[in-house]
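S.K.: Those protein sequences? They're chains A and B, same order as listed. According to the working numbering, numbering within the first sequence proceeds without interruption in unit steps and concludes at 239. According to the working numbering, numbering within the second sequence proceeds without interruption in unit steps and concludes at 239. Think of the CB as a built atom: it goes at the ideal place given N, C-alpha and C, for glycine as much as any other residue. Let me begin by handing over the structure; questions about it come next.
Protein chains: 2
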Amino acid sequence: MYRPVDAPSGARRGRSAEGRAEVRRALVDAALTLFATHGYDETTVDDIAAAAGVARRTFFRYFRGKEDAVSPDHEACLTRLDAVFTAAHPGEPVLSVVLRAAEFVLDMYFADADASRIRFRLVHEVAALRDREVASVHPYRQLFTRHLRRRLVGAADGELRAAVTAAAVVAAHNQALRTWLAEGATEEGKQPCRDRFRRVADLLPVEAADDLFDVARRLEDAVERLERGPASGRP
Amino acid sequence: MYRPVDAPSGARRGRSAEGRAEVRRALVDAALTLFATHGYDETTVDDIAAAAGVARRTFFRYFRGKEDAVSPDHEACLTRLDAVFTAAHPGEPVLSVVLRAAEFVLDMYFADADASRIRFRLVHEVAALRDREVASVHPYRQLFTRHLRRRLVGAADGELRAAVTAAAVVAAHNQALRTWLAEGATEEGKQPCRDRFRRVADLLPVEAADDLFDVARRLEDAVERLERGPASGRP
DNA sequence: GACTGTAACGGCACTGCGTGCCATTGGGCA
DNA sequence: TGCCCAATGGCACGCAGTGCCGTTACAGTC
């Protein structure tokens, strides 16, 4: 149930890559339209495929199932999110990386607000999609946990701290995002949403305090150097 | 997909309540046995029903679906958990209630360690059950969030704090539980598991906020020193 | 003790999801 | 031109889940 289904298939023979992307888009469009107009349970895969102009069998070559056509970009999103973590400078405080990563995901939802709003309505009306949505958050939480754990090896209760911090950040992200969506997913609402999310830093466990203590210490040092005059050998 | 399916049906005519409970147990036993021996995907509902000595149609009168036969007690567990919250003295600190509630759930897993271990293996081997498990955690998190929100009305960022705290507690619970299960779900492991979970209190927002205030104070002091100090130019 | 209402069961039939298999098509590439 | 291979279409199959209806068995009533 977790294979990619649609691996880019290396060498690009046969129908062009643009063709595949086009079919995919047609299927997603058809699915969202039909779900919105006739309801999710009332729409069959046959309907979606027919509306997109392909065979039923082809639908299952693009999506693992009917539910996947609603939010088909989790795979790609997770990949990009992972890149954010791995590209982060090792010296950057954990908290900073984690918050930046979460805001990166936030921005991906912001990117096409219309689609986000449509999916939000759909997901909150259909029980099966709600379950799916909840389950689809897990890989994100796992990704956060994994990278946090990597930074906390050896620390006291590192595993626990990683799990708790990841859960907290993801929860804050979702809370902020849901509020934004519920309020209409407007352009003006984006910044308040970001701010609301960022306030999770005030609630974050010891990691936050540790990092900030570290920052404070470095600032104090800097101030001290400053107070002692320009004697220190800083270029 | 979310109706109870098995409402106690008020007046108890026809087959006795004991009869129903017995059939239910037989179905769960048959399901777990078959899943363990022949694999989850390879076991059909027909197989389970036949092994339990009832018709296929009857299975669906006890469970919403094949997946529900693995962990059929979530409904009851949620009810009991809700009772813990509502029975709590209004004067008891939020943190105390929340930790007690989570430990209550922990104790329910401890109650029959054998079944917990079997289900743990099963859930972590079958993808469909993993998804189900992840989704089934959501109602618990929601319950924690709801009761926390009730205690935090009016507080600054009450919604956010409720969501984050609930997520943190649930994550800590699951982390401790998973570790216990992975280590064999032994009797001796129970207390360490409880202790491990309780350490989440050290990571919870309230303390962190205090720390942050401290950090802010030190920063303010530093800035003040800087402002008062000799306005030496850039080093 | 026969009668009746009702809860639980059994057995069908049906829809629809997801998959395996194979033939067909059509665009690169030698 | 002919081969290769990716993508598709179409068919059939197994199985999950649901609706419907007849049957069974128990409980209370007369």
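Is any non-hydrogen atom of the ligand ZN found closer than 6 Å to the C-beta of L85(B), if you look at the structure I gave you?
M.R.: Inclusion of the ligand ZN in the displayed structure is not the case, the ligand content being empty and no account of it being possible.
S.K.: By the three-class DSSP mapping on this structure, what secondary structure does T47(B) have?
M.R.: Of the three classes helix, strand and coil, the one that applies to T47(B) here is coil, per DSSP.
S.K.: What residue range is occupied by the uninterrupted alpha helix (DSSP H) comprising G162(A)?
M.R.: Looking at the DSSP string, the run of the alpha helix (DSSP H) that includes G162(A) is 162-186.
S.K.: Beta-carbon of V168(A) versus every beta-carbon of chain B: anything under 7 Å?
M.R.: It does; some Cβ of chain B falls within 7 Å.
S.K.: E107(A) versus chain B: which residues are under 9 Å apart at the beta carbon?
M.R.: Residues of chain B passing the Cβ test: none, with the nearest at roughly 15 Å.
S.K.: Start and end of the alpha helix (DSSP H) containing V138(A)?
M.R.: Looking at the DSSP string, the run of the alpha helix (DSSP H) that includes V138(A) is 131-155.
S.K.: For A205(B), which residues in the same chain have their Cβ closer than 7 Å to its Cβ, ignoring the five residues on either side in sequence?
M.R.: Once the five neighbours on either side are set aside, the close Cβ partners of A205(B) are L99, L103.
S.K.: How many angstroms separate the CA atom of L133(A) from the CA atom of E228(A)?
M.R.: C-alpha separation (whole angstroms): 57 Å.
S.K.: Where does R202(B) fall in DSSP's three states?
M.R.: R202(B): helix per DSSP, three-state reduction.
S.K.: Measure the beta-carbon distance from V74(B) to L126(B) and round it to whole angstroms, keeping in mind my assumption that it falls under 8 Å.
M.R.: That pair is a contact at about 6 Å.
S.K.: Please state whether DSSP places F67(A) in a helix, a strand or coil.
M.R.: Here F67(A) sits in coil by DSSP.
S.K.: Check each candidate in G23(A), R145(A), A131(A), A180(A) and name the one with the smallest Cα separation from A175(B).
M.R.: Closest option to A175(B), Cα to Cα, is R145(A).
S.K.: Of all Cβ atoms in chain B, is any one closer than 7 Å to the Cβ of G23(A)?
M.R.: Output row for G23(A): interface = no.
S.K.: Helix, strand or coil for P76(A) per DSSP?
M.R.: Reduced to three states, the DSSP call for P76(A) is coil.
S.K.: State buried or exposed for R84(A), treating a residue as buried only when at least 16 other CB atoms are found within 10 Å of its CB.
M.R.: With fewer than 16 other Cβ atoms within 10 Å, it is exposed.
S.K.: Kindly indicate which residue of R24(B), E46(B), A30(B) has the alpha-carbon position closest to the one of V130(B).
M.R.: For the residues R24(B), E46(B), A30(B), the minimum Cα distance to V130(B) belongs to E46(B).
S.K.: Check the Cβ of A176(B) against every Cβ in chain A and list those closer than 9 Å, keeping chain order.
M.R.: Going along chain A in sequence order, the residues near A176(B) (Cβ under 9 Å) are L164, A167, V168, A171.
S.K.: Does the Cβ of D50(A) have 16 or more other Cβ atoms within 10 Å, making it buried, or fewer, making it exposed?
M.R.: D50(A) is exposed by the Cβ-count criterion.
S.K.: Would you kindly report the start and end of the unbroken alpha helix (DSSP H) that includes L103(B)?
M.R.: From DSSP, the alpha helix (DSSP H) with L103(B) extends over 98-115.
S.K.: Using the Cβ count rule (16 or more neighbours within 10 Å means buried), how would you classify V32(B)?
M.R.: It counts as buried.
S.K.: Could you check whether A170(A) and T149(A) sit closer than 7 Å to each other, using their CB atoms as the reference points?
M.R.: It is a contact, given that the beta carbons lie within the stated cut-off.
S.K.: Taking beta-carbon pairs under 7 Å, can you tell me which members of the region 135-162 of chain A lie near chain B?
M.R.: Going along the region 135-162 of chain A in chain order, one finds D135, V138, A139, H142, D161 with a Cβ nearer than 7 Å to chain B.
S.K.: For E96(A), which option in H151(A), P143(A), T62(A) has the closest C-alpha, if you only look at C-alpha atoms?
M.R.: For the residues H151(A), P143(A), T62(A), the minimum Cα distance to E96(A) belongs to H151(A).
S.K.: Measure the C-alpha to C-alpha separation of K70(A) and E137(A) and round it to an integer number of angstroms.
M.R.: Roughly 13 Å between the two C-alpha positions.
S.K.: Going by DSSP in three states, T190(A) sits in which element: helix, strand or coil?
M.R.: Looking at T190(A) - three-state DSSP - the assignment turns out to be coil, as it is neither helix nor strand.
S.K.: Since V204(B) meets chain A, which of its residues come closer than 8 Å, beta carbon to beta carbon?
M.R.: Near V204(B) (Cβ distances below 8 Å), the residues of chain A are L164, V168.
S.K.: For the candidate residues G158(B), L110(B), L207(B), whose alpha-carbon lies nearest to that of R182(B)?
M.R.: It is L110(B) whose Cα lies nearest to the Cα of R182(B).
S.K.: Can you look up G95(A) in the DSSP assignment and give me helix, strand or coil?
M.R.: G95(A): coil per DSSP, three-state reduction.
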